[in-house]
Amino acid sequence: MIDTETRLKIADLLSRYGELIDADRLEDWLDLFTDEATYRIVPRENEEQDLPLPYMYCDSKKMLVDRVNSLRRANVYNFHYDRHLISGLTVEHADDGAYLVGANYAVFQTTHEGETSIFSVGRYEDLIVEEDGDLLFKDKLVVPDTGSVPRLLSTPL
Amino acid sequence: MIDTETRLKIADLLSRYGELIDADRLEDWLDLFTDEATYRIVPRENEEQDLPLPYMYCDSKKMLVDRVNSLRRANVYNFHYDRHLISGLTVEHADDGAYLVGANYAVFQTTHEGETSIFSVGRYEDLIVEEDGDLLFKDKLVVPDTGSVPRLLSTPL
Amino acid sequence: MIDTETRLKIADLLSRYGELIDADRLEDWLDLFTDEATYRIVPRENEEQDLPLPYMYCDSKKMLVDRVNSLRRANVYNFHYDRHLISGLTVEHADDGAYLVGANYAVFQTTHEGETSIFSVGRYEDLIVEEDGDLLFKDKLVVPDTGSVPRLLSTPL
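Going down the list, the sequences are from chains A, B and C. Sequential numbering from 1 applies to the first sequence in my numbering. Sequential numbering from 1 applies to the second sequence in my numbering. Sequential numbering from 1 applies to the third sequence in my numbering.
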């Protein structure tokens with residue numbers, strides 16, 4: 001059983017994760033990861049067949065920083081708003097005081113013209129650790145049901 | 001007022017409910033119900049007019065087991081991924097120590113080609129009881145807004 | 001840090017907010033606001049450019065009451081069901097014991113024919129206060145990503 005305070009802090013971390021992406025505050029979003037954090041997007045089909053071929057794989061926060069920087073340069077022509085709905089939190093103890101956290105997500109995108117559509121739905125399977133009193137992502141695994149590969153490059157999930 | 005621990009356990013039960021359907025672990029999903037549990041899908045229009053004509057009605061866990069078995073045989077040709085978003089939990093005390101639990105849901109389906117669409121949105125109105133320390137569904141009432149009758153046979157909501 | 005009980009009561013208030021709109025119990029929904037409450041819908045584009053030009057602006061509960069009354073008269077020909085998914089709650093202390101509460105929302109609408117579509121996604125930025133032991137909205141700010149102006153008149157978000 002996870003204590004209530006930890007659980008609510010984990011819920012906060014996920015809320016913050018979605019909020020910061022949606023507000024396009026990606027530089028602040030990076031602060032939710034540990035320095036050695038990994039961030040992976042593995043399509044559900046691959047994950048279920050144990051083919052760990054990811055759409056995207058960042059093996060450190062530095063690589064995530066690079067990615068955000070290149071999004072800042074590249075994304076001028078791909079304007080949209082993101083909106084995350086995250087629910088169904090499950091929390092278990094993992095090794096070394098870490099937490100294994102699952103949640104379902106749906107990300108909606110809205111175009112400049114105000115049209116909203118489903119961009120991606122899927123599941124998060126995260127490893128969350130405590131550092132200096134803060135809970136942070138040590139591994140973020142995104143498992144999309146939706147096969148929207150081409151657009152995946154334009155936004156974190 | 002419901003105590004915090006119970007409330008979080010109810011949230012866990014609903015999270016688990018969605019997680020297990022979405023992972024197609026329907027045999028484990030059955031463990032979330034009491035032996036005498038009922039599972040009903042009643043379209044919103046009928047429910048509001050007090051016409052309790054359900055799309056589906058299982059009056060025991062045994063009947064749910066049968067249903068899962070027949071899904072296992074029938075569903076070969078209807079491949080899709082499900083994804084539940086469940087939010088807006090409301091919890092009240094009911095008789096005999098049970099809990100009356102409401103929540104809104106959206107279920108998305110993704111085809112083999114990776115296309116995601118809204119399959120059903122609606123509300124859960126559940127009766128949840130404690131058995132041997134576990135919280136379980138004694139009655140699961142699904143009230144869909146969406147009128148997707150034909151496909152309803154292919155997946156639990 | 002917000003104490004657990006307050007936090008859960010805030011989550012309850014938001015759940016109730018969605019539940020009452022979705023059940024078309026708008027008269028009860030009004031009870032979630034203080035007498036001097038403001039309710040505003042400001043498109044995200046305007047909000048980000050600090051152009052506080054709202055789609056809708058009610059500067060008191062009385063004005064909200066009027067609005068509900070006119071919806072009751074006008075809405076005969078615009079039948080639909082609403083369904084709110086609200087997640088990603090963030091809570092901070094504001095002045096005078098109030099709480100600054102953020103959350104992401106998605107509202108789905110279902111037509112008489114049973115077709116469900118995305119009506120609006122966006123964010124709530126609310127000011128919530130305690131009055132006589134109840135938590136109530138003192139300011140509800142809805143910031144839609146979706147640009148669905150015309151239909152906005154038909155339902156609260």
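A virtual CB, placed ideally from N, CA and C, is assigned to each residue, including glycine. Computed from a prediction, not measured in an experiment: that's the story for all the values here.
- Three or more beta-carbon pairs separated by less than 8 Å link the stretch 118-128 of chain B to the stretch 97-107 of chain B, which places the two stretches in contact.
- Taking 4 residues as the shortest admissible run, the stretch 18-90 of chain A contains the following complete alpha helix (DSSP H) segments, listed from N- to C-terminal end: 26-29, 44-48 and 61-74.
- Not flagged as an interface residue toward chain B: A/Asp50, since no C-beta distance is shorter than 8 Å.
- One thing to note: A/Phe108 has its Cβ within 8 Å of the Cβ of C/Val121.
- Residue range Asp134 to Pro144 is occupied by the beta strand (DSSP E) that includes A/Leu135.
- Residue state for C/Gly97 is assigned as helix, using DSSP reduced to three classes.
- Distance from the CA atom of A/Ile2 to the CA atom of B/Leu8, rounded to whole angstroms, is 10 Å.
- Assigned with DSSP and collapsed to three states, B/Asp12 falls in helix.
- Counting along the chain, B/Thr155 sits inside no beta strand (DSSP E), nor does DSSP assign it H or E at all.
- Sorting B/Asp95, B/Leu14, B/Thr4 and B/Asp24 by C-alpha distance to the C-alpha of B/Val142 places B/Leu14 at the top.
- Close to B/Asp12, with beta-carbon spacing below 9 Å, are these residues of chain A in chain order: Leu89, Thr90 and Val91.
- Note that the C-beta distance between B/Tyr57 and B/Lys140 is not below 8 Å.
- DSSP places B/Asp126 in the uninterrupted beta strand (DSSP E) bounded by Thr116 to Glu131.
- A direct Cα-Cα distance of roughly 14 Å separates C/Trp29 from C/Lys138.
- Secondary structure of C/Thr4 (DSSP, three-state): helix.
- Inter-residue distance for C/Gly114 and B/Thr146 is about 5 Å (C-alpha atoms, whole angstroms).
- Cβ-Cβ distances below 6 Å link C/Ala106 to Leu85 and Val121 in the same chain, with the five nearest sequence neighbours on each side left out; the list follows chain order.
- Annotation: Cβ neighbours of A/Gly18 in chain C (cutoff 9 Å, chain order): Ser87, Gly88 and Asn104.
- The beta-bridge partner set that DSSP reports for A/Gly102 consists of A/Thr90 and A/Glu125.
- For A/Ser120, no CB of chain C lies under 8 Å from its own CB, so it is not counted at the interface with that chain.
- Distances from the CA of C/Asp95 to each of C/Val129, C/Val65 and C/Leu71 were compared; the closest alpha carbon is that of C/Val129.
- Rounded to the nearest angstrom, the gap between the Cα atoms of C/Asp12 and B/His93 is 15 Å.
- Along the stretch 126-147 of chain B, going in chain order, the ones with a CB nearer than 9 Å to a CB of chain C are Pro144, Asp145, Thr146 and Gly147.
- Within the model, the alpha-carbon separation for C/Arg83 versus B/His112 is close to 27 Å.
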